[in-house]
Amino acid sequence: MSPGSVAPLPWAGMGLNDVLYDPIRHNNWATGSLIRFCLAQNLTAEQLEITGVGTYGGILATLDHIVRCDGSYLRRIADRPLEYVDSEPATDLETLGTWNAEAGALWEYFLTQPFDVERVIVVDDNTRGTRAGIFVAQAINHANHHREQVCAILTGLGIEPPDIQAWEYAWETERIWDLPAPAAAADQISC
């Protein structure tokens with residue numbers, strides 16, 4: 000079988016959006032949470048520029064990269080513009096927070112629309128084709144990778160980074176909850 004001629008997935012065209020809700024919403028929430036956390040720390044310009052071993056860049060540059068790339072992936076699959084993707088890099092965290100919120104709103108719109116994961120999108124100056132579903136996978140993987148870099152830089156500064164894992168997102172959005180303790184049964188055996 001030649002590249003790009005894979006058999007369609009059995010669920011293609013059946014509305015996979017439901018399974019995407021939590022991963023996409025967590026992704027946007029985690030980036031926004033990290034931006035808000037950095038804002039609350041009142042980091043200096045110097046701290047925002049400090050890099051770490053193996054990181055993309057400083058905190059501001061890395062967060063800009065996350066938000067801008069997320070917007071780039073999203074606008075390709077949602078066929079909607081996000082003007083900030085092609086603008087100059089953000090010079091402050093407030094701007095990044097606004098851009099991330101704008102992307103979050105477009106992700107919400109995207110999740111309400113039919114999504115064909117097998118749709119071909121032409122990339123790399125019209126030299127390659129890729130399936131639309133890959134953009135969703137890349138958006139999530141890419142952001143996770145770089146958020147961890149920002150957290151590592153914060154740790155290097157002696158700042159405990161925020162908990163931005165999916166479990167914390169679940170608590171904040173009530174996607175996880177405590178169940179009432181079961182009544183103790185007289186015949187319950189404890190091992």
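Numbering of the sequence shown is given in numbering that gives the first Met the number 0, commencing with residue 0 and proceeding in unit increments. Note that the Cβ used here is the ideal one computed from N, Cα and C, for glycine as well.
Around the beta carbon of residue 86, fewer than 16 other beta carbons lie within 10 angstroms, which makes this residue exposed.
DSSP places residue 90 in no beta strand (DSSP E); its state is neither H nor E. Taken in chain order, the complete beta strand (DSSP E) segments of 3 residues or longer contained in the stretch 62-129 are 119-122. When the beta-carbon positions are compared, residue 168 and residue 64 stay at least 8 Å from each other. Within its own chain, the residues whose Cβ lies closer than 6 Å to the Cβ of residue 121, once the five positions on either side in sequence are excluded, are 128, listed in chain order. When Cβ pairs closer than 8 Å are counted between the two stretches, the stretch 107-122 is seen not to touch the stretch 49-62, the count staying below three. A distance below 8 Å between beta-carbons, with the five flanking residues on each side excluded, links residue 38 to the following residues of its chain, in chain order: 92, 93 and 96. Taking C-alpha positions only, residue 99 is separated from residue 89 by approximately 12 Å.
Every unbroken stretch of the alpha helix (DSSP H) spanning 4 or more residues and falling wholly within the stretch 23-48 is given here in chain order: 44-48.
When secondary structure is reduced to three states using DSSP, residue 163 falls in the coil class, being assigned neither helix nor strand. Taking residue 161 as the centre and dropping the five residues before and after it, the same chain places the C-beta of 32, 33 and 36 closer than 7 Å to its C-beta, in chain order.
DSSP places residue 169 in the helix class (H, G or I) of the three-state scheme. In this structure, the alpha-carbon of residue 141 lies about 38 Å from that of residue 179.
By the C-beta density criterion, residue 125 is exposed, having fewer than 16 other C-beta atoms within 10 angstroms. Judged by beta-carbon spacing, residue 109 lies beyond the 8 Å limit of residue 131, meaning their Cβ atoms are not closer than that value.
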